[in-house]
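Below is one structure, written out as structure tokens; comments come after it.
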Amino acid sequence: MNFDFSEEQVLLRKTVRQFVDNEIIPHIAKWETDGAFDPAIWKRLADLGLMGVCIPEKYGGSGMDYNSLAIVCEELERGDTAFRTAVSVHTGLNSMTLMQWGSEEQKQKYLIPQATGEKIGAFGLTEPGAGSDVASMSTVAVQDGDDYILNGQKTWISLCDVADHFIVFAYTDKSKKHHGISAFIVERTLDGFSSKAIKGKYGIKSGNTGEIFFDNMRVPKGNLLGKEGEGFKIAMSALDNGRFTVAAGAVGLSLACLEASVKYSRERQTFGKEIGRHQLVQQMIAKMEAGLQMSRLLVYRVGELKNKGVRNTRETSLAKWQACDFANKAADDAVQVYGAYGYSDEYPVARYLRNSKAPVIYEGTREIHTIMQAEYVLGYREDKALSNMLPTWPFDE
Ligand SMILES: Cc1cc2nc3c(=O)[nH]c(=O)nc-3n(C[C@H](O)[C@H](O)[C@H](O)COP(=O)(O)OP(=O)(O)OC[C@H]3O[C@@H](n4cnc5c(N)ncnc54)[C@H](O)[C@@H]3O)c2cc1C
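So the number in my numbering is just where the residue sits in the sequence shown, counting from 1, plus 218.
Below is the structure:
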């Protein structure tokens with residue numbers, strides 16, 4: 219077991235931290251008010267090689283290991299959750315799924331432009347009537363000649379108005395339940411595709427989230443991802459990657475809460491001393507530190523399993539559940555440390571609290587991960603080896 223970061227990883231962290239400090243944090247208040255971040259950020263992410271961190275160089279990526287992706291997510295979410303969410307859906311849920319399940323032709327056509335940042339990817343699984351219970355989805359795909367015709371709607375889709383490509387899921391045979399779901403690569407330019415942002419979100423206000431609609435949308439047969447009926451398996455393996463990025467981001471959010479709380483605790487005085495000298499404030503700070511360090515260990519362990527090509531559904535679920543819960547608690551305590559000042563936009567902690575909630579809901583709610591962990595321990599759930607795993611790292615170029 220090695221806990222050391224490589225020189226390349228240390229430099230990566232420093233680079234992303236500087237980018238966040240200089241190009242995200244100074245503008246975040248305005249972007250939250252605008253309800254969108256400056257689209258020029260996408261080009262900056264691409265210039266820094268952050269649009270395809272753990273995608274092999276031969277597919278346009280930076281060829282770094284899976285823990286390097288964790289470092290990027292951690293540092294981005296230290297700035298704001300919207301940027302980590304963007305990387306989670308673009309890389310974690312879309313590009314890594316193409317890498318794992320795409321044909322060579324699909325990788326050439328879709329993965330390369332996504333890894334270079336020329337195109338943006340997203341992921342559409344959730345529907346108005348199907349969140350945790352994926353198999354209750356209503357979207358259908360009917361084969362017609364060389365195409366599938368898709369009809370249906372997805373909701374709460376990150377980057378719904380921004381992404382060029384989506385991986386979406388639809389029933390090709392409802393009678394087969396989970397085994398009747400298929401995955402498709404869909405381009406925004408297809409006839410019958412439309413999107414609409416959700417207004418009035420509680421948090422991640424600078425990020426774009428909303429609905430996508432398929433109205434007799436013709437998708438070429440070549441855009442079927444994997445085989446017909448493999449969609450559920452593909453969705454779950456995509457979540458193993460997406461959840462890893464969400465967990466890593468939560469580490470960054472916990473760090474942001476801790477940094478802000480330590481700063482304020484050393485500045486603010488009550489009863490003649492810094493509030494950091496009061497035991498009950500120290501208790502909140504100590505719990506933030508413990509949550510941060512425990513989350514880090516869980517996340518980097520998953521990264522190592524991914525590097526080695528070992529199935530990690532159980533470990534990823536644990537890391538995602540715990541890291542997001544810790545970050546949510548850290549954000550709640552950070553507001554408490556700031557007292558009334560934490561309850562305003564003057565300081566970042568209220569934004570941290572709002573942002574910390576969605577990750578406890580998306581990519582498997584707190585309750586779903588609780589159930590998963592109990593079932594693994596009780597022997598009710600077991601993961602079999604998957605036919606398609608991510609390539610092990612170092613990548614064979
Ligand atoms: C900001 C944001 C961005 C998102 N981005 C995406 C995206 O890019 N792509 C995408 O596909 N989806 C996305 N989602 C949707 C997200 O994945 C779903 O919201 C999530 O899966 C939960 O589904 P639901 O909201 O329908 O809740 P439900 O599944 O209806 O759950 C409601 C409540 O019931 C609980 N519950 C459900 N089943 C059980 C059970 N068996 N036992 C105990 N409790 C249970 C849940 O834990 C929850 O508390 C996003 C959501 C948000 C908030």
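Cβ coordinates follow ideal geometry from the N, Cα and C atoms, glycine included.
- Using a cutoff of 6 Å, the CB of E250 does not count as near ligand 1, since none of the ligand's heavy atoms is closer than that.
- Scanning E336, E581, K232 for the CA closest to the CA of T463 turns up E581.
- At least one heavy atom of ligand 1 lies less than 6 Å from the C-beta of L343.
- In this model, I422 and L471 are separated by some 12 Å (Cα to Cα).
- The beta carbon of K526 sits closer than 7 Å to the beta carbons of T610 from its chain, once the five residues preceding and following it are set aside; these are given in chain order.
- Judged by DSSP in its simplified three-state form, V386 adopts strand.
- For F402 against A359, the beta-carbon gap comes to about 7 Å, under 8 Å, which counts as contact.
- In this structure the region 355 to 371 touches the region 387 to 406; the number of beta carbon pairs closer than 8 Å is three or more.
- Closest by C-alpha distance to F432, out of A466, S356, K261, E492, is S356.
- Looking only at Y559, Q227, Q332, R235, the smallest Cα-Cα distance to Y277 is reached by Q332.
- Taking R302 as reference, the option from L229, L377, E275, N240 with the minimal CA-CA separation is L377.
- In the structure shown, the three-state DSSP call for Y565 is coil.
- Between M506 and L536, the CB-CB gap reaches or exceeds 7 Å.
- In this chain, Q500 is not harboured by any beta strand (DSSP E); it is covered by the alpha helix (DSSP H) spanning 497 to 526.
- The beta carbon of C542 lies closer than 8 Å to those of V464, A465, A468, S574, P577, V578, R584 in the same chain, with the five residues before and after it left out.
- According to DSSP, P438 shares a beta bridge with D365.
- Our two residues, Q318 and G560, have alpha carbons roughly 43 Å apart in a direct line.
- Residue range 531 to 556 is occupied by the alpha helix (DSSP H) that includes V553.
- In this structure Y556 is buried. Its beta-carbon is surrounded by 16 or more other beta-carbon atoms within 10 angstroms.
- Bridge partners of G339 according to DSSP: H383.
- No heavy atom of ligand 1 is found nearer than 6 Å to the CB of S413.
- Straight through space, the alpha carbons of R262 and E241 are spaced by roughly 9 Å.
- Spatial neighbours of G509 in its own chain (CB-CB distance under 7 Å, excluding positions within 5 residues in sequence) are listed in chain order as S472, F544, K547, A548.
- For G418 and L316, the gap between their C-alpha atoms comes out near 32 Å.
- By the Cβ rule, the region 332 to 350 does not count as touching the region 292 to 300, because fewer than three pairs are nearer than 8 Å.
- Per the C-alpha coordinates, the member of S562, L287, V404, E293 positioned closest to A340 is V404.
- Assigned with DSSP and collapsed to three states, D433 falls in strand.
- Unbroken alpha helix (DSSP H) stretches of 4 residues or longer found wholly inside the region 439 to 501: 449 to 485, given in chain order.
- Contact check for S400 and G447: beta-carbon distance about 6 Å, within the 8 Å limit, so the pair qualifies.
- F450 and L516 have their C-alpha atoms spaced approximately 26 Å apart.
- Counting every other CB atom within 10 Å of its CB across the protein chains shown gives D551 a total of 16 or more, marking it as buried.
- Within the same chain, I246, W249, E250, D252, G253, A254, F255, D298, A300 come within 8 Å of S424 by CB-CB distance, once the 5 residues on both sides are set aside.
- The alpha-carbon separation between E293 and C272 amounts to approximately 16 Å.
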